[in-house]
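>
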Amino acid sequence: MNASHDADVGGLHDELVRLRHALHREPETGLDLPRTRAKVLAALDGLPLEISTGKRLGSVTAVLRGARPGPAVLLRGDMDALPVQEESGVPYASEVPGVMHACGHDVHTAALVGAARLLAARRDELAGDVVFMFQPGEEGHGGARLMVEEGVLDAAGSRVVAAYGLHVG
Numbered sequence: 007m008n009a010s011h012d013a014d015v016g017g018l019h020d021e022l023v024r025l026r027h028a029l030h031r032e033p034e035t036g037l038d039l040p041r042t043r044a045k046v047l048a049a050l051d052g053l054p055l056e057i058s059t060g061k062r063l064g065s066v067t068a069v070l071r072g073a074r075p076g077p078a079v080l081l082r083g084d085m086d087a088l089p090v091q092e093e094s095g096v097p098y099a100s101e102v103p104g105v106m107h108a109c110g111h112d113v114h115t116a117a118l119v120g121a122a123r124l125l126a127a128r129r130d131e132l133a134g135d136v137v138f139m140f141q142p143g144e145e146g147h148g149g150a151r152l153m154v155e156e157g158v159l160d161a162a163g164s165r166v167v168a169a170y171g172l173h174v175g
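Counting from 1 along the sequence shown, just add 6 to a position and that's the residue number in my numbering.
1. By the three-class DSSP mapping on this structure, what secondary structure does MET139 have?
2. I'd like to confirm the pairing. Which residues does DSSP put opposite THR67 in its beta bridges?
3. Any chance you could list the alpha helix (DSSP H) runs of at least 4 consecutive residues sitting entirely within the stretch 10-50, in chain order?
4. How should ALA123 be labelled, buried or exposed, when 16 other C-beta atoms within 10 angstroms of its C-beta is the threshold for buried?
5. Given 8 Å as the limit, is there contact between the stretch 114-123 and the stretch 50-65, that is, 3 or more CB pairs closer than that?
6. One question on the structure: do ALA99 and LEU172 come within less than 8 Å of each other, judged by their Cβ atoms?
7. Within 10 angstroms of its Cβ, does PRO40 collect 16 or more other Cβ (buried), or is it exposed?
8. Check ASP84 in the structure and name its three-state DSSP category.
9. Starting from ALA5, follow the alpha helix (DSSP H) in both directions and report where the run begins and ends.
10. At the level of alpha carbons, what is the spacing between GLY36 and LEU22?
11. So who's on the other strand from ALA169, going by DSSP bridges?
12. Based on the DSSP output, what are the partners of ARG74 in its beta bridges?
13. Cutting at 6 Å between CB atoms, please list the residues of its own chain near HIS30, excluding the five before and the five after it.
14. Give the single residue among GLY60, ASP38, THR42, VAL136 whose Cα lies nearest to the Cα of HIS27.
15. Could you spell out where the alpha helix (DSSP H) holding GLY120 opens and where it closes?
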């Protein structure tokens, strides 16, 4: 990596930690995640993205157009929490009784926002488009299937050639 990239990442760190903690404090389960979706939309605001939200679920799809032609790829992050009482004692613990981000989806969401910010800053270097898939309902609610039915794989105008996700833990 170069110094410019390191500076971009360093500048994002505190912002992404704040986002992750905010998501962790207000977890939501299932397919309808209005507070989570609002936080994601606010975090993406001002970026050169084509953003759409789910018709039947609380999803967010954002497309970044690269400066040069090329294939579309998809980056995925899940957003939903689990019906578990948090007893961690961390200062940003869940404020919602019986619901917590026990599986790292708050991290996944914040990381995907970070990827969108970093790639948007370098869009002139990109060949092809990037689809950012912020998925609700990963924990047993079929959120991925519903997003596919709503067209996430073709959100860039052509079918994505690859999809990537991560899982912490």
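Even glycine gets a Cβ: it sits at the ideal position worked out from N, Cα and C.
With the given structure in hand:
1. Correct three-state label for MET139: strand.
2. Partner(s): SER58, MET139.
3. With a minimum length of 4 residues, the continuous alpha helix (DSSP H) runs that stay inside the stretch 10-50 are 40-50.
4. According to the sequence provided, residue 123 is Arg. The question's Ala does not apply to it. Its Cβ being crowded by 16 or more others within 10 Å, ARG123 is buried.
5. Judged by Cβ distances under 8 Å, the stretch 114-123 makes contact with the stretch 50-65, as three or more pairs qualify.
6. In this structure, ALA99 keeps its C-beta atom at 8 Å or more from the C-beta atom of LEU172.
7. Exposed, since its Cβ has fewer than 16 Cβ neighbours within 10 Å.
8. In this structure, DSSP gives ASP84 an extended state, which the three-state scheme calls strand.
9. As shown, the chain starts at 7 and ends at 175. That puts residue 5 outside it, with no answer to give.
10. Computed Cα separation, rounded: 23 Å.
11. The partner list for ALA169 (beta bridge, DSSP) reads LEU80.
12. As a beta-bridge residue in DSSP terms, ARG74 pairs with ALA133.
13. Cβ neighbours of HIS30 beyond the five flanking positions: TYR98, HIS107, ASP112.
14. Proximity to HIS27 across GLY60, ASP38, THR42, VAL136 peaks at THR42, based on C-alpha coordinates.
15. That run of the alpha helix (DSSP H) goes 111-127.
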